[in-house]
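**Student:** As you go down the protein sequences, you meet chains A and B in turn. Under this note's numbering, think of the first position of the first sequence as 1185, with each following residue one higher. Under this note's numbering, think of the first position of the second sequence as 2, with each following residue one higher.
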Amino acid sequence: MSAVLDRPATAAPGAEPEAGRRRIAIRPGAWLTWAALAFFFLNLLGVIGTVLLNSFGRSWFRSWLPGGWTAHWYSDAWTEFSLGQVLGTTVEVTFLVVLISLVLAVPASYALARRDFPGKKLVMGLFVLPILVPPIAYGIPLATVLYKFHLAGSVTGVVLANLVPSIPFVVFTMTPFIEQIDPRIEAAARMCGAGTRTVLTRILAPLLLPGMLAAGILVLVRTFGMFELTFLTSGPTSQTLIVTLFSAVNSAGIRSTQSIDAMAVIYTGTMAVLLLIALRFVNPTQLVARSSD
Amino acid sequence: MTVALPPTARRPALRHRLAERGVDRTLLLVLPGALAVIALFCYPFLYGLQLSFQPASGGVLGAYHAFFSEPFARKSIWQTFSLAIPASLINVGVSVPISYRMRRDFRGKRLLLALLVVPITLGTVLTAEGILEFYGPAGWFNHTLNLLGLASSPVQLTMDYTGVLLSLIISGFPFAYLLTHSYLSGIHPSLEKAASTLGADWWQRFRHITFPLLLPGLMTTFCLSFVMAFAVFPSAMMVGDPDGKTHVISIEAYEAALEHFDYAQGCADAMIMTVLMLVVIVAVTTLRSRLYSGSTGGKG
């Protein structure tokens, strides 16, 4: 598996000896690494597996498997936590956040990608801070302000709070994307007599659309999974799925763990589908490397 | 903002001079986003800062004094660090050898990458429930230990420091790995090959070539992992020790603000949290700026 890197340097320096042959024996270091990875996956499988089995189990005590199988925890969870309404709110919040953050941040990233101006570092710093400061730390003052303006507890408050990390996120995803679009295309269009509006709608919009789609989907995934900010600013009618889940765990005792697990499976399933869609448009390793530096 | 001055004969218009430095109407596009961040991030932050100096009792610094004079609150700083630093060190440290192995193309690499993304979808609640059930006294983990004869009585792993650390690793490792992987694939293999032709063995190549080139990237990864682990909140409440060893600073801040409705105290805690966070980030970034930062010869 790791033939090239592990080939001892004693083998004829310079030349590429016997390129076709691979060493069968793997060094202890390699064994250790793969074992560590396998152990991680085994534990991960256990963690996911127990929750999944428990959500379908009748009762589960000290045995390897639950005592019997049933699907009624899912319908229980659906009615008990009024998941229909919760999912409605989640979708509403998520789409509003995606839409507003794209509308606000894409123009900003266009200007940041195309212009070099005095104070650019300051503006960049302004956008970096909400990513660096943990959500709880700015969420508490933000919730205080929202309570002051009577916005906390409503869907508006939740959307406003979720915009804080989303706008910088779109800026940092879109800026390198726009930088790679050749500005000469715009210049050519202008030379052919296109006005600003035409350049925007006919030239830039089609070129930006893939990037906006990618950024939008990533914001969607993030907002769907954003716990802290929604938790701090939501009221009973504006909870998203993850907050409802957390409250269900915290008020445990009346709730059966099985229906909580069923709800957690619903959450993870939705999240996995969203992430799969996102991965069709973005390569994760490229994205993190770009957005981090 | 463009200010149209009447053009004088000798000097070009202010508008043109500004445009030469990159200031023109395009910059107005920054305004909506910047104003939103100022209104939703900077204003609340400054509001919270001044609110933290106006506690119900104890004068200007009363809230800060209250935090540092109460041992339970003061200890939450230590508890946060003792969770966040090991978690991010483990996550970054383990992802180095794994991504080192993953540099080459082999069958199933895409699948392995996809599997590593799975924990991102789990969410804190499923992770917490899973940890409680899998590592719990009656869970599969203790069952297996018992079967293998490694432990006669169940090992305590949940509702404890270990449980929170486990949840931080499960949620943080894939993230650290993806970052490390992309930094490592930015280092061109020809550099190692060159060292190899000079007779460097595996360890020398890693020690003197790859590791120094990778170190700045690792420090960035450490910073971001640390930010994630430092803010640990829901999992510390669900799998942690309810009132002792995992009382982290974010729980302290949350309880002050939204359970006792003492917004001044909550904001003061949030400010302390931000300052601690920024101190660590500035320290790591300063260290990082002393390292080599040039071409790594790769695509990254």
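Positions of the beta carbon are idealized from the N, C-alpha and C atoms, including for glycine. Computed from a predicted structure; not experimentally measured.
Whose C-beta lies closer than 7 angstroms to the C-beta of residue 281 (chain B) among residues of the same chain, with five residues either side of it excluded?
**Tutor:** 227
**Student:** Looking at the structure shown, is residue 1241 (chain A) part of a helix, part of a strand, or coil, going by DSSP?
**Tutor:** strand
**Student:** Residue 183 (chain B): which of B:166, B:219 and B:158 sits nearest, CA to CA?
**Tutor:** B:219
**Student:** Check whether the Cβ atoms of residue 1348 (chain A) and residue 1330 (chain A) sit closer than 8 angstroms, and answer yes or no.
**Tutor:** no
**Student:** Distance cutoff 8 angstroms, beta carbons only. Does residue 1258 (chain A) sit that close to anything in chain B?
**Tutor:** no
**Student:** Can you have a look at residue 1208 (chain A) and say buried or exposed, based on whether 16 or more other CB atoms are within 10 angstroms of its CB?
**Tutor:** For residue 1208 (chain A), the predicted model reports a pLDDT of 49, less than 50, meaning its position is unreliable; a value from the coordinates is still stated below. The residue in question, residue 1208 (chain A), is exposed, as its Cβ has fewer than 16 Cβ neighbours within 10 Å.
**Student:** Taking residue 1281 (chain A) and residue 1407 (chain A) to be in contact with their CB atoms under 8 angstroms, please state how far apart those CB atoms are, rounded to whole angstroms.
**Tutor:** 5 angstroms
**Student:** Leaving aside the five residues before and after residue 80 (chain B) along the sequence, list all residues of the same chain whose C-beta is less than 7 angstroms from its C-beta, in chain order.
**Tutor:** 246, 247, 248 and 249
**Student:** Rounding to the nearest angstrom, what Cα-Cα distance links residue 1221 (chain A) and residue 99 (chain B) in this structure?
**Tutor:** 7 angstroms
**Student:** Closer than 8 angstroms, CB to CB, is residue 1298 (chain A) near chain B or not?
**Tutor:** yes
**Student:** Would you give the residue range spanned by the alpha helix (DSSP H) that residue 51 (chain B) belongs to?
**Tutor:** Unbroken alpha helix (DSSP H) run through residue 51 (chain B): 44-53.
**Student:** Go to residue 224 (chain B), then tell me how far its alpha helix (DSSP H) extends in each direction, as first and last residue.
**Tutor:** 212-231
**Student:** Quick check on the DSSP output: what are the complete alpha helix (DSSP H) runs of length 4 or more inside the region 1350-1382 of chain A, in order along the chain?
**Tutor:** 1367-1375
**Student:** Using a beta-carbon distance cut-off of less than 9 angstroms, what residues from the region 71-85 of chain B approach chain A?
**Tutor:** none
**Student:** Below 8 angstroms between beta carbons: does that hold for residue 1344 (chain A) and residue 1404 (chain A)?
**Tutor:** no
**Student:** Taking the continuous alpha helix (DSSP H) assigned at residue 82 (chain B), which residues delimit it?
**Tutor:** 72-102
**Student:** Here's a check: name, in chain order, each residue in its chain whose Cβ is nearer than 7 angstroms to the Cβ of residue 1431 (chain A), leaving out the five neighbours to either side.
**Tutor:** None.
**Student:** For residue 1429 (chain A) and residue 1447 (chain A), which I take to be in contact (beta-carbon distance under 8 angstroms), what is that distance rounded to the nearest angstrom?
**Tutor:** 6 angstroms
**Student:** Going by CA-CA distance only, name the one from B:21, B:22, B:26 and B:72 that's closest to residue 1380 (chain A).
**Tutor:** B:26
**Student:** Suppose contacts are defined by Cβ-Cβ distances below 8 angstroms. Is residue 1401 (chain A) in contact with residue 1465 (chain A) by that definition?
**Tutor:** yes
**Student:** Counting beta carbon pairs with one atom in the region 205-213 of chain B and one in the region 102-110 of chain B, are three or more of them shorter than 8 angstroms?
**Tutor:** Judged by Cβ distances under 8 angstroms, the region 102-110 of chain B makes no contact with the region 205-213 of chain B, as fewer than three pairs qualify.
**Student:** Taking C-beta pairs closer than 7 angstroms, name the residues in chain A that residue 256 (chain B) reaches, listed in chain order.
**Tutor:** Ordered by position in chain A, no residue passes the 7 angstroms Cβ test against residue 256 (chain B), which lies about 11 angstroms from the chain.
**Student:** Look at the Cβ atom of residue 1445 (chain A), then the Cβ atom of residue 1238 (chain A), and state whether they are nearer than 8 angstroms.
**Tutor:** yes
**Student:** What three-state label does DSSP hand residue 1221 (chain A) in the structure shown?
**Tutor:** helix
**Student:** Let me confirm a value: residue 260 (chain B) is counted as buried when at least 16 other C-beta atoms fall within 10 Å, else exposed. Which label applies?
**Tutor:** exposed
**Student:** Any beta carbon of chain B sitting closer than 8 angstroms to that of residue 1208 (chain A)?
**Tutor:** Interpretation of residue 1208 (chain A) is limited by its pLDDT of 49, a score under 50 that renders its predicted location unreliable; the figure taken from the coordinates is listed afterwards. No, no contact with chain B.
**Student:** Taking residue 1367 (chain A) as the reference, which of A:1307, A:1388 and A:1376 has the closest Cα?
**Tutor:** Nearest Cα to residue 1367 (chain A) within the set A:1307, A:1388 and A:1376: A:1388.
**Student:** Does residue 65 (chain B) have its Cβ less than 8 angstroms from a Cβ in chain A?
**Tutor:** With 8 angstroms as the cut-off, residue 65 (chain B) does not count as an interface residue toward chain A.
**Student:** So what's residue 1337 (chain A) in DSSP terms, helix, strand or just coil?
**Tutor:** strand
**Student:** Is the region 168-177 of chain B close to the region 122-140 of chain B, with three or more CB pairs under 8 angstroms?
**Tutor:** yes
**Student:** Within 8 angstroms (strictly less), CB to CB, does residue 1248 (chain A) reach chain B?
**Tutor:** yes
**Student:** Going by beta carbon distance, what residues of the same chain come within less than 8 angstroms of residue 1304 (chain A), once the five residues before and after it are set aside?
**Tutor:** 1296
**Student:** List the residues of chain A whose Cβ lies closer than 9 angstroms to the Cβ of residue 130 (chain B), in chain order.
**Tutor:** 1231, 1234, 1235, 1238, 1433, 1441, 1444, 1445 and 1448
**Student:** Mind checking which residues open and close the alpha helix (DSSP H) that includes residue 161 (chain B)?
**Tutor:** Looking at the DSSP string, residue 161 (chain B) is not in any alpha helix (DSSP H), and its letter there is neither H nor E.
**Student:** Whose CA, out of B:136, B:196 and B:149, lies closest to the CA of residue 163 (chain B)?
**Tutor:** B:136
**Student:** Measure the alpha-carbon distance for residue 84 (chain B) versus residue 186 (chain B) and round it to whole angstroms.
**Tutor:** 30 angstroms
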